[in-house]
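A short worksheet on the structure shown next.
Chains as they are written, first to last, in our numbering: chain A, 3 to 109; chain B, 944 to 1133; chain C, 1015 to 1429; chain D, 2 to 1004.
And the structure:
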């Protein structure tokens, strides 16, 4: 039963106020993309054991999408941040690196 | 507009708190960049209410303005003045990227009053409504069991709950059930 | 392998059961095998069994990180059915179901396959149409199912409430030869049979790396050393992405928690399996008397084998509404497993970008019922380096081509 | 004889006697009694039958860990199976029945199983019952099912209500014994918000029974003082009869409050489920005493030493007049001393330890109790009741010994901390060699959202088994929890108790240690499930060596007590059998709940009318009053048809269709989604969302649009109206309103966040009423106020105005092929407008129509329906909707996907009409077959029926379907098999069956 801080409301939102939205920072492939790139965009997932960058929506709340960095094995939440970025904030990446020395990085 | 009737038609329930239909209420959704000075000024001018900060609700002149998200406000006003205010806001915001919509009929307002009002709400929402965590002047959008809802506290012993019109009956029954005598928890006593 | 029988029990009973032999051996790994199956769950063990039985490949190791049968095989709600809509699904699940019919005899261990019948309740008009479509499809697919009306539902499930205030029961899709089996015993029976064929089942042995050469598999590195093989089958529900990562490719899979729970035992109350998809719950009664209950998956990636309680609430609420007299029963235990959900919620039985590596994954919430069929099809894929008819549609190539096998379309969910 | 004494009984109020019945017999007890204590006080020792062998069983414990004393409680709508007599508080009129026997508790046919126990070892059923194959289902399984199960099946719906409550605390302390009280006081002293809960009806836990002094007071007095102190603290909430049963991630604790069980009535909810979000959870859950495994340890009268002491001190019940105590540790001497001081006879203490010199043993000796060292029990005499024991040397084989007559046996195999809550979220354990127990490893706590440990243990739950040690530990835990939550430093001192000298426990897993197979087959580990030492050893021998395999093979720990008494003994026996240390064996996984929780409590208030929200349109009540036959559509309920008189729904649909085609019909279309999209980039955005071009739609006009997902599949359709230069109104399907709004916001927020677009979901702001049929215009004209002529308001346009005094937006759109207006009006006026239209239509034959008529009308016109023609695998091209796909656009959601090989294939099934040769109606869901079978032996298919109806207009069956190469096969006859009937022959035709030119809607 997760709690995540909505970066827009500043509220520690209960999991039941949120809707999960899968892997974050996927780059949309569209008309003109190769079959490989398009398949990868739609289906290939990192699904890591460990640090996962993912999307959530504060659906029973402000309705905004946001990002979270969370461990899929301990469920620790390293941070949440706005949806309008194509990569995680550098400070967050640094923080996670410090906490998880063997971590391969967000890409 | 004598043809307009509220979804709950004045329903009321007397339990260990009182649950009642607040009646037809004017509500206007305002979407725009709340950080933009022009937007702020236009809203203030059209409504007469200052802009609420994050998570807040501000009252003035019988109207209330609630913060709903970083780009959304909800104006509470008289039902009959909502169309006029919608038009006034639209006009004041002309030239800005904004959206104003009268949503008076899309939502219902219910009232829960009584010294144990917090407890009745606490049976239904994951939001922390204990004193200190929540009180007058704050607006919370959350969930009442299976539906989305929002609420604020006009004073220490009452809540105003807004929910979608189609689930008005569900929310009224839910609140009434939570306020049923025999279900007192005594959570926020003394 | 000494045979199990009533006579053997009587004989052993007289000497306090001191003469029973081990159900499976516990060897150290050899240097090399003709084929290695990673994952000693039902699917992995069945793959190994049919490699030996159908294809004569017996120099096989089954490598297991923990204890055999310890993943989803030992965590599911044991439902067996094949009333699927799409042809490829119906084919492989019906193959599995038919193999369950004789599994106890084939493997000489009672897996308690109980073809007590499965009803999928229709509680909206949309579901009625969906299940009628499934019934028509099943008739053409050779799967024995039947659309039944509410009164027949009530006869089969006397404790059900037909006219609930919210969703009346409008009928159901009835598969009389669906049912349940004892999940642990399925893994044990396959393990015992594999061991009897001379295969090595190596528990407490985790794969730490996969060696490839010229685009083909060479060996696996494990916590019990390096083992060479030319054929490597990855059958590791809940860990598929991790193993694929070791081999250098990604899968269209996300791993999420799926939960189940049981009540305290009561005397026989319900003789069939009931699934109610509108309200998201399904239930059967175990031979011990517990009501075995499952619901939907969590929506976020999670490897903890713990789910979120609100899903339990939703499931229980649905069942109390459908079976109001169960309200005063008590939840005795709840648990979770990790299920692999693919892009179309159907499984993957496929060759991979690496030669000699095959993947069997993505059964989502429907794995247990498919074990024998999955093992049968996977063994054929591994043995021939090409899918047979049962596996053909389940290749990874379908995602690139947009050729989904989508079972959710008929209002059904793949539990 | 177990009897109620004149003295003792700190929890009962002898001034309040009450009567209840057990197995139809009337019993007397007192307020404060549990069902078990009251029955035991009346010498009702036998309380149930075991699961497998149906052996007679009495209570072995006094609390939540009880495996044997389960009863069926209550009657009718208040009947509950499998309730523990040891935790059931009695009330006047309570009715209970014992379980798992026939015909009676005393004479049970099922007990015959016990005679064959030798042939029914662990897992025997895996090895037999295999022939003939059908016999399992028809013969063996029914027999096993009938014999197994415990409680009776409830027969009536629950008569009680339940509710939930959310609570937020900085520190939640689970367990109100002295450790819990000490932890709560320490946490409260830091100033944070504390919740303290206790599963029983009393504060203080075991300490008042076990004795000892705290801060110079008797334990009982210290408890009272502490409770008073906490009750006075403004930052502390305290609840009794509430068990924290599960710890979930991120500090989520779920607790089960039994509000009304002890005082059943109508007013209060029976149970309340607390969903608690706590910063730190302190588990002061105590420890459980372990039984000893000796032959006959399941005979009624053999009881945990601590439980026997509880019954004596708490309820004034002596389980026996002459007791034998058997132990491997000091604590059981407290029971011997308590019995002695109550004037009862203690025949002997059999202590497995070779020499015993601890102060407690010395005290026993001084009290005149015979302490036999190095001894254990070799056998228990008696069948339904203990009559004596055979005292043997612990190190022998139990063959010879001394018979001691007694009527009760108190056993103690040591104590195990209750680590369940610690373990639920992954807290790890370590094996404490000195105290022979698993205890929490503080270095490996379960971690929370911030990565820090969020569960702390206190007192004996930490493994601090002495009073002094436990209090110190609990104080430290409470303080640490408070500080971790930002509490202030506190100088509150830890409660102090005198140190007690003790002698270490001697681990004893089998008694005597050299016992042979015959004895080991009578040593119970799991009482309820009848798992014995011999069963665990058999599992080990057969290779079920993982502790999980042993559990699952033998069913050890799978009973209703979930192994509270059996797990540690079982895994120790397994470890011995495998010759490995106990930590190498490990434990099985601890899963919630700690004790079973009613489904009613989990469902909470969501039963009956609150089961799920029913969404209602503003006209809902009118529909109800006009005999709507309802159809659930998502959470909405829409009229399927309106029944008149004795009409069936099918009759009503026929009438409604005909009337709408001939006169005029009224449809409540309020559930349709209405989403406003506004902004400088709104046109560009909608061009991405829809397959068609929306940016070019002129103001005042309407256009039909299709939406796909990135996989290319059709997900919604509807009419889009352009309201002004930068504003569009998008109509969605009923099911699509919330989904499509979320879809729009997702793309705006997460992909095109620099596009200036706002959306608002105004679905519920408006009631939308469709007036449909040749006389629709006349009805609107009767209301007046707007020019609704073809010239002023042509097909596929909209206008705003006042219609009959109502502020409306009027759309000339049609989903029926008829002249049709859709009128949007503020929802609060929806009913009034409907009434006005209804009145105006009376002279024109107006009738309301429901969703089925809507379906038939659209099917006659060949219009597709999302959810019928589409099922999540269909693309617009399949449906002949290429006209709604713009060729001019570079991109839209789904475009790239639709170019993939399978989607671009000519072989996809495509939409056609199907006309049966005999005019019959094709069954729903039927398929079109092709020749032959596929590689899996399945009949080949070449299409399927997506919509099929009787057309009252055409007076014949009509259908739409998707057929391979369908549009190229017009006129061809295909075969559609039915179930249990002859195959149907149908001709492939154009899907538009009615008014192909579209003349009727454009008038």
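Here a beta-carbon is modelled for each residue, glycine too, at the ideal position from N, C-alpha and C. All values derive from a computational prediction rather than experimental measurement.
Does the count of Cβ pairs from the segment 33-43 of chain D and the segment 274-293 of chain D closer than 8 Å reach three? no
Going by alpha carbons, who is nearest to residue 1307(C) out of 1274(C), 1334(C) and 1294(C)? 1274(C)
When you compare the CB of residue 1088(C) with every CB in chain A, is at least one pair closer than 8 Å? no
Threshold first: 4 residues or longer. Then list the alpha helix (DSSP H) segments lying entirely within the segment 3-84 of chain A, N to C. 37-44
Cβ shell of residue 766(D) (< 8 Å), same chain only, five flanking positions each side left out: 675, 827 and 828
Please list the terminal residues of the continuous alpha helix (DSSP H) segment that includes residue 1112(C). 1101-1115
Could you work out which residues of chain D lie near residue 1323(C), taking near to mean beta carbons separated by less than 9 Å? 247, 249, 253, 255, 276, 593 and 603
Could you run through the segment 901-913 of chain D and flag, in chain order, every residue whose CB is less than 8 Å away from some CB of chain A? 901
Taking all protein chains shown into account, do 16 or more other C-beta atoms lie within 10 angstroms of the C-beta of residue 29(A), making it buried, or fewer, making it exposed? exposed
Could you tell me if residue 1428(C) is buried or exposed, where buried requires 16 or more neighbouring beta carbons within 10 angstroms of its beta carbon? Bear in mind that a pLDDT of 35 at residue 1428(C), under 50, signals an unreliable position, so the number given afterwards is only what the model happens to contain. Buried is the call here.
Taking a contact to mean a Cβ-Cβ separation below 8 Å, would you say residue 305(D) touches residue 343(D) in this structure? no
Secondary structure at residue 105(A), three-state DSSP: helix, strand or coil? coil
With DSSP as the reference, please indicate the residues paired to residue 1045(B) in a beta bridge. 971(B)
Within 10 Å of its beta-carbon, does residue 22(D) have 16 or more other beta-carbons around it, so buried, or fewer, so exposed? exposed
Just verifying my parser: in three-state terms, what is the DSSP assignment at residue 861(D)? helix
Determine the contact status of residue 1311(C) and residue 1141(C), defining contact as a CB-CB distance below 8 Å. no
Short of 7 Å in beta carbon distance, which residues of its chain neighbour residue 419(D), apart from the five on each side in sequence? Order them along the chain. 286, 287, 288, 289 and 462
Smallest Cα separation from residue 1049(C): which of 1069(C), 1035(C) and 1186(C)? 1069(C)
If the criterion is Cβ atoms closer than 8 Å, does the pair residue 832(D) and residue 619(D) meet it? yes
With a threshold of 7 Å on Cβ separation, who are the neighbours of residue 680(D) within its own chain once the five nearest residues in sequence on each side are excluded? 727, 757, 758 and 759
How far does the beta strand (DSSP E) with residue 1364(C) in it reach, from first residue to last? 1362-1365
Quick one: which chain A residues come within Cβ less than 9 Å of residue 1264(C)? 42, 45, 46, 47, 48 and 49
Secondary structure, alpha helix (DSSP H): runs of 4+ residues fully inside the segment 501-534 of chain D: 518-521
Runs of beta strand (DSSP E) wholly within the segment 376-464 of chain D (minimum 3 residues, chain order): 376-382, 389-394, 403-406, 409-413, 416-418, 430-433, 438-441 and 456-458
What are the boundary residues of the beta strand (DSSP E) that includes residue 554(D)? Careful: residue 554(D) lies outside any beta strand (DSSP E), inside the alpha helix (DSSP H) at 548-555.
Compare the beta carbon distance of residue 1043(B) and residue 973(B) with 8 Å and say whether it is the shorter of the two. yes
So, with DSSP's three-state summary, where would you put residue 936(D)? coil
List the residues of chain C whose Cβ lies closer than 8 Å to the Cβ of residue 598(D), in chain order. 1344 and 1345
Just to confirm my understanding: we take residue 684(D), look at its own chain, exclude 5 residues before and 5 after, and list those with CB closer than 6 Å. What are they? 696
What does residue 1222(C) touch in chain A if you count any residue whose Cβ is under 8 Å from its own? In chain order: nothing, as chain A lies at least about 14 Å away.
List the whole-angstrom C-beta distance separating residue 1132(C) from residue 1276(C), where the pair is believed to meet the contact cut-off of C-beta under 8 Å. Residue 1132(C) to residue 1276(C), Cβ: 18 Å. No contact.
Would residue 962(D) and residue 929(D) be called neighbours here (beta carbons separated by less than 8 Å)? yes
Measuring only the C-alpha atoms, how far is residue 16(D) from residue 30(D)? 11 Å
Contacts of residue 1075(B) in chain A (Cβ-Cβ under 8 Å): Here the premise fails: no neighbours, minimum Cβ distance about 15 Å.
Quick one: grab the DSSP three-state call for residue 947(D). strand
How is the beta strand (DSSP E) around residue 993(D) delimited, first residue to last? Where residue 993(D) is concerned, there is no enclosing beta strand (DSSP E), given that its DSSP letter is neither H nor E.
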